[in-house]
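Take a look at the structure set out below.
Numbering (our numbering), first residue to last: 58 to 522.
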């Protein structure tokens, strides 16, 4: 049988082998091309992701703990997921200089300063959060030098006794008040069990960011451990507020200093944190308990737009301070996140999202409660900001101090009228802040005490100088 050319079996096997070899080479080339193409696509995707991460705004991470859970500002979560952004150093004045050690809390906890001068000897007392039972510093002048006389690191004992014999956060001292010249101190406590004692079933009442109460003490000297405990102010738990950061405004009434020499003052307590804003109600005289019918007069002073958030933390304002000057009553408060989370990271990294000092005002002769003894007296008597916006209904508030240069998260503020020394006299704004490393672009760990003079323009609005 004749077999033509390519039909020869040996030639056909060789041809199949050559085709197989060529196919194998093609398959290898195809795989290599596919791998290189995949690598190129993956690289392009990674480059795109990096570009988007740089160009798109980063979300803020709240951490979910509330500003002052356990009175140290600790929340949950890790934080520090974005670049820290502050205003330029020229945006606001730096804290005034001090001699010696600057009062501070070396732990990442708020300082919450409260500053009072004792008239009998001119000594300044600075009560602060620090240690479980609060700390006390003293000085003859606000510039220092300051000496720590109570709290961790005071005295020969390395632990140091606290200012009080109980848990104490954000202490606020006032006085001397009335004919007996007593001082009064309000502080946060988390020891009262609203569920067990008052039957509150809302689970938020057991959370550290919504379980606070206020305790009041009195003293004739301001010295640590000289305080007489009067007990918890019986403000009921509410989803609308957290009972903390008490601020007292004591206004002498017509009977004070009269022939009967009575200790007669109108005492107003501002308080509140997150939730729906800052509130006020009347206290008895002396201010060691609620006035009769106080809860019927509960008034909303300030409401933050973030109070409309669907989950906590909400309404990021707290640390109210009331101050009367001439025809105006001023409401100073802090807004934003005060502190790092439990893990040490900050839940916010922008100057507009961490503590900053705000102010609103209203006429001093405006009634605190409506004529029927109820709460809010009406829009015409609201605290308003410099732009005329209501701080209760229009998210008003004028910023007077914020993170800038080497200063991070200033807040927890108060105001002191003081004679002082060497030009210190006048109206002082005091506060705490966190040192900010402008090279590393990160805040430090400790909280420090700072102060500046506060000047009032012809329009009556305060300016930090």
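In this text, a Cβ means the ideal position worked out from N, Cα and C, and glycines have one as well. What you are looking at is a predicted structure, and each value in this text was computed from that prediction instead of being measured.
Open item on the list: In the DSSP output, what is residue 380 paired with across the bridge?
Closed with: Beta bridge pairing from DSSP links residue 380 with 387.
TODO: Would you tell me roughly how many angstroms separate the C-alpha atoms of residue 180 and residue 197, rounded to the nearest one?
DONE: Each residue's alpha carbon lies about 5 angstroms from the other.
Task: Cβ neighbours of residue 153 in the same chain (closer than 6 angstroms, five flanking residues each side left out) - done: Closer than 6 angstroms at the Cβ level, and outside the excluded window around residue 153, lie 508, 509.
TODO: Output the distance between the C-alpha atoms of residue 517 and residue 256, rounded to the nearest integer angstrom.
DONE: Using only the alpha carbons, I get a separation of about 47 angstroms.
- [ ] Count the CB pairs spanning the stretch 388-397 and the stretch 457-470 that are closer than 8 angstroms, and state whether there are at least three.
- [x] Yes: the two stretches touch, three or more of their Cβ pairs being nearer than 8 angstroms.
Open item on the list: Measuring alpha carbon to alpha carbon, tell me which residue in 520, 505, 354 is nearest residue 417.
Closed with: Answer by Cα proximity: 520.
- [ ] Excluding the 5 residues preceding and the 5 following residue 306 in the sequence, name in chain order all residues of the same chain whose CB lies nearer than 6 angstroms to its CB.
- [x] If we look at residue 306 and ignore the five residues flanking it on each side, its Cβ neighbours are 325, 379.
Open item on the list: So, at 8 angstroms on beta carbons, what are the nonlocal neighbours of residue 513 in its own chain, with the 5 sequence-adjacent residues on each side left out?
Closed with: Once the five neighbours on either side are set aside, the close Cβ partners of residue 513 are 382, 484, 519, 520.
TODO: Pull up the distance between the alpha-carbon of residue 415 and that of residue 442, whole angstroms please.
DONE: Taking the straight line joining both Cα atoms gives about 9 angstroms.
Task: CA nearest to the CA of residue 200, picked from 476, 495, 504, 384 - done: When only C-alpha atoms are compared, the closest one is 476.
Task: Between the CA atoms of residue 375 and residue 334 - distance to the nearest angstrom - done: When rounded, the distance between both Cα atoms is 7 angstroms.
- [ ] Pull up the distance between the alpha-carbon of residue 156 and that of residue 204, whole angstroms please.
- [x] Answer to the nearest angstrom: the Cα atoms are 11 angstroms apart.
Task: Identified DSSP bridge partners for residue 324 - done: DSSP lists 307, 340 as the bridge partner or partners of residue 324.
Open item on the list: According to DSSP, simplified to helix, strand and coil, what is residue 19?
Closed with: Lying outside 58 to 522, the shown extent of the chain, residue 19 is not represented and no answer is given.
Open item on the list: Suppose the cutoff is 8 angstroms on Cβ atoms and the five residues either side in sequence are ignored; what does the same chain contact list for residue 76 look like?
Closed with: Summary for residue 76: the model assigns pLDDT 49, below 50, so the residue's position carries little reliability; its value from the coordinates is reported in the next sentence. For residue 76, where only same-chain residues beyond five positions count, there are no Cβ hits under 8 angstroms.
Task: Reduced DSSP category for residue 177 - H, G, I as helix; E, B as strand; rest coil - done: Assigned with DSSP and collapsed to three states, residue 177 falls in coil, not helix or strand.
Open item on the list: Which same chain residues end up closer than 6 angstroms to residue 423 when comparing Cβ atoms and leaving out the 5 residues on each side of it in sequence?
Closed with: Excluding its 5 nearest sequence neighbours in each direction, residue 423 has C-beta neighbours in its own chain below 6 angstroms: 438, listed in chain order.
- [ ] Could you work out which residue in 176, 182, 142 is closest to residue 487 when comparing CA atoms only?
- [x] With distances taken between CA atoms, residue 487 lies nearest to 182 out of 176, 182, 142.
Open item on the list: On a Cα-Cα basis, can you pick out the residue from 172, 226, 174, 151 that is closest to residue 187?
Closed with: If we check each option's Cα against that of residue 187, 226 comes out closest.
TODO: Jot down the residue ranges of each uninterrupted beta strand (DSSP E) in the stretch 180-229, minimum 3 residues, whole runs only, in chain order.
DONE: The qualifying runs are 181-185, 192-196, 204-207.
- [ ] Would you identify the three-state DSSP class for residue 263, choosing helix, strand or coil?
- [x] In the structure shown, residue 263 sits in a helix (DSSP, three-state: H, G or I).
- [ ] Find the nearest neighbour of residue 373 within the set 146, 286, 468, 236, judged by alpha-carbon distance.
- [x] Taking only the C-alpha atoms, the option nearest residue 373 is 468.
TODO: Report the residue from 266, 304, 288 whose alpha carbon sits nearest the alpha carbon of residue 295.
DONE: Nearest option by C-alpha distance: 266.
Task: Cβ-based burial, residue 299 [other Cβ within 10 Å; buried from 16] - done: Buried, by the Cβ-count rule.
Task: Straight-line Cα distance separating residue 466 from residue 411 - done: Using only the alpha carbons, I get a separation of about 5 angstroms.
Open item on the list: For residue 446 and residue 420, I'd like the C-alpha separation in whole angstroms.
Closed with: Whole-angstrom Cα-Cα distance: 15 angstroms.
TODO: Can you have a look at residue 192 and say buried or exposed, based on whether 16 or more other CB atoms are within 10 angstroms of its CB?
DONE: Residue 192 should be labelled buried.
Task: Buried/exposed call for residue 228, threshold 16 Cβ in 10 Å - done: The Cβ neighbour count for residue 228, taken over all protein chains shown within 10 Å, is at least 16; the residue is labelled buried.
TODO: State yes or no: is the C-beta of residue 241 within less than 7 angstroms of the C-beta of residue 233?
DONE: Taking 7 angstroms as the Cβ cut-off, residue 241 and residue 233 do not qualify as a contacting pair.
Open item on the list: Using a Cβ-Cβ cutoff of less than 7 angstroms, which residues in the same chain neighbour residue 522 once the five nearest sequence positions on both sides are dropped?
Closed with: Once the five neighbours on either side are set aside, the close Cβ partners of residue 522 are 150, 509, 510, 512.
- [ ] Mind reading off the beta-carbon distance from residue 332 to residue 302? Whole number of angstroms is fine, and I expect it under 8 angstroms.
- [x] That pair is no contact at about 12 angstroms.
Task: Where residue 163 falls: helix, strand or coil (DSSP) - done: When secondary structure is reduced to three states using DSSP, residue 163 falls in the coil class, being assigned neither helix nor strand.
Open item on the list: Using CA atoms only, rank isn't needed, just tell me which of 175, 357, 169 is closest to residue 338.
Closed with: Comparing Cα-Cα distances from residue 338 to each of 175, 357, 169, the minimum goes to 357.
Task: Exposed unless 16 or more other CB atoms sit within 10 angstroms - verdict on residue 471 - done: Residue 471 comes out buried.
Task: Cβ-based burial, residue 166 [other Cβ within 10 Å; buried from 16] - done: By the neighbour-count rule (16 or more Cβ atoms within 10 Å), residue 166 is buried.
Task: Euclidean distance between Cα positions of residue 385 and residue 270 - done: Residue 385 and residue 270: Cα-Cα distance of roughly 30 angstroms.
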